[in-house]
Each structure stands twice: as C-alpha cells, then as structure tokens.
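J.: Under my numbering, the first residue of the sequence shown carries the number 698, and numbering increases by one thereafter.
Quick reminder that beta carbons are idealized off the backbone N, C-alpha and C, glycines included.
What follows is a structure written as structure tokens; I'll ask about it next.
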Amino acid sequence: MSLVDLERLSRALRESEPLPLQGRVIRATGLMVEASLPRVPLGTACEIRVSEGHRVAAEVVGFSGASALLMPFGEMQGICENCPVVPRESAADVAVGDAMLGRVVDAGMRPIDGGPAPRLDGKAALHGKPPNAMARRRIADPMTLGIKSLDGLLTLGEGQRLGVLAGPGVGKSVLLGMVARHALADVIVVALVGERGREVREFVERDLGPEGLRRSIVVVATADEPPLVRVRAAMAATSVAEHFRARGKKVLLLVDSLSRVCMAQREIGLAAGEPPTAKGYPPSVFALMPRLVERAGNDAGEGSITALYTVLAEGDDLTDPVVDAAKAILDGHVVLSRKLAGAGHFPAVDVLASVSRVMNDIATPQHRELARRARDILSAYQESADLIEVGAYVAGSNPRVDHALRTIAALRAFLQQPPEAHPTLPQTLELLAAAVAAPPETSRA
C-alpha cells in the first residue's frame, strides 16, 4: 500500500463517525431493565429505543453478572426484549445559572411553571463532593430565620444542617414557608421530593408566596415519578445550592423531605437486589444520607449552605431508622409536636425535645442565659403538669414550679407566631427576656 493510500485511509478514519456502543434489552422486571451493555460504568445515562421517535431515558444503577441493570427515568410501557440500548454520557451534571431564580423546575432543570426555559450558562456536578473537613470554616454567625422559637431557643448558625422531625399534618410545610419568606439569606433552594401534586402549587403560592419565590429556586419531583427522579431532585437541588455557595452567596437549602428521598432510594436498592435491613431499608439508604447532607455547610470560601431537612416520623415514631440516622448525622433537630398542634399552638415546636448543636458557639452569654431560663420554666412545668392540671399542686412547695406557673402563659405566647410575623433577632431576644421575667406577685390581703 502506497503512502498516498495510507494518508487517504487515515483521513477517512479521522473524518468518520464511529458507531455508538449499543446493547439490547434482555428483560424488564418491576422497576428494573436488564440489558447486555458491556463496559459501561455505574451512573451512565442511557437511552432505550422503544420505537421510532420514542425514547426512554435510563441510568445504570447496578450489574448482574455480565448484564447492566438500568432504571428508567420515565414510564416503562412499550419496553420489550431486544430493544436497542445506547449509552449517552455520565448523568453527572446539572445546568445552573441566575436565570433559575423565581422558577419552579423538575429534576432535570426543565421549567414546570409555564414560563420559558431559562438560559443557563453554567454546570454543576450532580454528585458533588463535600468540602474537605479541615477546609470548612467553623460555624460562627447566627442565621436569623424570623421565627421566635427557633431564633430564641434553638438558634441556627450559617452553615448548620438541621432536621425538622414530625408526623404528617403538624405544620412542616407552613414552617418551611415561613423560613423561606423571612430568613436572612441571599438565595433559597427548595427541593419538594415525593409530594402530592396538589401540594406543590399550594406550597409555592400559599406557603412560599411571591416574596419568597422571588429569591428561590424550587426543584420538584412528585410522588408519582420514578424513584430515580426523586433521588435526583434532592441531588440536583444540592448542586444548585453548591453553585451559589461557590459564588460567595449565603444559601438556604430546604429539602422536604429527606424521608421520601430515603424511600425512593429504598425502591432503587431493593429493585437492584440489595438485602433489606432495618424496616426494609437496604444499606445504600444509610450510605446516601451522609453523602447528601455533608455537601451542605460551609466551605473554605465566603459562601455557605444552611440546610433544613424535614424528616417524616411515620406514626409519630421518633425511633424510626431514618429519623435515628438523621438525628445522628445532622447538627441538630427540631421536633414538631402533634399535641401542641392539636391545641392550636403554631409553630408546634417542642422546645424540650429539640436541640441546636451549635447554639452555644454562636449565641451571646446573655442570649444563652435567656434560653436556659426558658427551658427551665418549660421543664419545671412539664414535670409537675399532672399535679397542676388536677389542682393537686400546692403553691409554695417548689420555687421552680411557682416561677413556671407565673411565667408559662407569657412564654407560650412567645413561642407562638402567625405566619406573616417575622421579628428580628434583637426583637426576639427582647420578647424572650420579657417572657421569662417573673411578673410581680400580687399582694395578699
């Protein structure tokens, strides 16, 4: 073969388009599609070609022998044996940009609010790495949420991760809406995962409102969507928050709910053949939780991600495995009480069952003393509640209880708040000081 022929052949090879690697569907069972697809890594995005013009996006989530296990992002109807499967690219990037502010999008960053597609000029890793442990700035500044019970007694710090633990119907969404409207943050990212479709619009229009939406990005994956989409929504929302943190913004990340993210991962894990452990949750659930929440917090720069994760306590069971794991890996938790909610006490924050692990590092000595006195009043009243309610307590037998009886009404009034109220931190501390101060005793004839 002459040199001219070799050059012509070399040029033809350079200009040719190689055929894409292609596999075939072997079987589809439940939520999973098994395909012959050699040499594809975990997390690869694929396209199942069901028919002419009909494609189903999927992702490689595991392997079984020489076969790849794929989970579709959409409906499985129409998928049959020998359907071509073409790997596309790693599903590791999320489109981001300032144009997302004020928008409601799905897990793929496509708008679902009826507006035009935002022009997004940036990319963020879907599975970002948490900041280096020694490079993180320490939490040193309080984050004002505009909610007296939290700012006064469970003070949150910039970069803290907090769990909101509650059963259904005790005001989690209303509390998150209040935080989104009133918190002193530059950007708010909301992930609504596993919600009923009806609740999404209610949250955006009623709880978040135009004021909150203006500086927010809402990422939605409803309960009817495949589990892979629900997990991706939480990951994508965290990626968006990381993008703004890298630009020096003070970001507030609200995830409702972490429990439904775990339930989605349970579906994925069980379908992929993982063994069930505590309450049917496979090991991948408890590996996913720290990977997700550790991405929030402070990094070495000026930005921060302060995160609130709602955790659904099924049947008000605070010993649920997901609840226990969340309490262990987060920087504190707020418990919402059904008893308080039933009594019309909103927000229904059970102060004695809640804790902020960084409050002592960020609150002033005067603030810590006021919070200690408030907790002492609530604790003293709770310890003697049975005697008080049946009229068996004798005044003067316990000075702590006597003080609690004189101040409990004012303290309970302090802990309640209408959704539209948003006091500043100095105002909150002033109101707290007045609530824990004992009123003068009435003179006895």
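May I ask you to report which of helix, strand or coil DSSP gives C777?
T.: C777: coil per DSSP, three-state reduction.
J.: Does the region 910-922 come into contact with the region 962-980, if we say contact requires no fewer than three beta-carbon pairs (one atom in each stretch) closer than 8 Å?
T.: Result no; under three Cβ-Cβ pairs closer than 8 Å.
J.: Between which two residues does the beta strand (DSSP E) containing E744 stretch?
T.: Taken as a continuous stretch (DSSP letters only), the beta strand (DSSP E) holding E744 covers T741 to S748.
J.: CB-CB under 8 Å to R911, same chain, minus the five flanking residues each way: which ones, in chain order?
T.: Taken in chain order, the residues that qualify are L798 and G799.
J.: Enumerate in chain order the residues of its own chain whose CB-to-CB distance from E971 is below 8 Å, with the five nearest sequence positions on each side excluded.
T.: Result list for E971: P979, P980 and S981, in chain order.
J.: Sorted by chain position, which residues of the same chain lie with C-beta nearer than 8 Å to M747's C-beta, five sequence neighbours on each side aside?
T.: Going by the sequence as given, residue 747 is Val instead of Met. Closer than 8 Å at the Cβ level, and outside the excluded window around V747, lie V753, G775, I776, C777 and C780.
J.: Between which two residues does the beta strand (DSSP E) holding V1046 run?
T.: Its beta strand (DSSP E) spans residues V1046 to S1053.
J.: Tell me, please, whether the region 890-902 touches the region 1061-1080 by the rule of three or more beta-carbon pairs shorter than 8 Å.
T.: Verdict: no, contact absent.
J.: Tell me which residue opens and which closes the beta strand (DSSP E) that P769 is part of.
T.: S764 to P769 is the span of the beta strand (DSSP E), which, as asked, contains P769.
J.: Taking the straight line between their C-alpha atoms, what separation do you get for A1023 and T1007?
T.: Each residue's Cα considered, the two are about 10 Å apart.
J.: Cβ atoms of A961 and G891: under 8 Å apart, would you say?
T.: Result yes, Cβ atoms of G891 and A961 sit closer than 8 Å.
J.: Which same chain residues, not among the five before or five after H751, have their C-beta less than 8 Å away from its C-beta?
T.: Excluding sequence neighbours, H751 sits near G775.
J.: Among P1115, E1127 and L1126, which one has its Cα closest to the Cα of V876?
T.: Measuring from the Cα of V876, the nearest candidate turns out to be P1115.
J.: Using a 10 Å radius around the Cβ and a threshold of 16 neighbouring Cβ atoms, would you call G856 buried or exposed?
T.: Buried is the call here.
J.: Taking DSSP's pairing of strands, which residues face N995 in a bridge?
T.: DSSP lists S1001 as partners of N995.
J.: From which residue to which residue does the beta strand (DSSP E) around S936 run?
T.: Counting along the chain, S936 falls outside any beta strand (DSSP E), though it belongs to the alpha helix (DSSP H) covering P924 to A943.
J.: At the level of alpha carbons, what is the spacing between V990 and R708?
T.: One C-alpha to the other measures close to 51 Å.
J.: Taking L925 as the reference, give the member of A742, F1111, R721 and A732 with the closest Cα.
T.: Here the closest residue by C-alpha is A742.
J.: What is the residue span of the alpha helix (DSSP H) that E892 lies within?
T.: No alpha helix (DSSP H) holds E892; the beta strand (DSSP E) holding it covers V884 to E892.
J.: Just how far apart, CA to CA, sit P815 and R988?
T.: Roughly 29 Å between the two C-alpha positions.
J.: Compare the beta carbon distance of A888 and A931 with 8 Å and say whether it is the shorter of the two.
T.: Yes, Cβ-Cβ distance for A888 and A931 is below 8 Å.
J.: Does the Cβ-Cβ distance between V802 and L823 come in under 8 Å?
T.: It is not a contact, given that the beta carbons lie outside the stated cut-off.
J.: Based on the DSSP secondary-structure assignment, which residues constitute the bridge partners of H1030?
T.: Note: H1030 sits in a beta bridge opposite G860 and V1052.
J.: With distance defined between alpha-carbon atoms, name the residue in T974, R942, V886 and E908 nearest to A933.
T.: The option with the nearest alpha carbon to A933 is V886.
J.: From this set, A1131, L1122 and A1130, which residue's C-alpha is nearest D848's C-alpha?
T.: Comparing Cα positions, the closest option is L1122.
J.: Helix, strand or coil for P839? Go by DSSP, reduced to three states.
T.: It is a strand residue.
J.: Buried or exposed: K845, going by 16 or more other Cβ atoms within 10 Å of its Cβ?
T.: When all chains shown are included, K845 counts as buried.
J.: I'd like the list of long-range same chain contacts for R1141, defined as Cβ closer than 6 Å, with 5 residues on each side in sequence excluded.
T.: The predicted model places R1141 with a pLDDT of 36, which falls under 50 and marks its position as unreliable; any figure quoted below should be read in that light. Answer for R1141: no residue qualifies.
J.: First and last residue of the beta strand (DSSP E) that includes V871?
T.: Looking at the DSSP string, V871 is not in any beta strand (DSSP E); the run it does join, the alpha helix (DSSP H), is K869 to H879.
J.: What are the boundary residues of the beta strand (DSSP E) that includes A754?
T.: Taken as a continuous stretch (DSSP letters only), the beta strand (DSSP E) holding A754 covers H751 to S761.
J.: Start and end of the beta strand (DSSP E) containing V1091?
T.: Where V1091 is concerned, there is no enclosing beta strand (DSSP E), given that its DSSP letter is neither H nor E.
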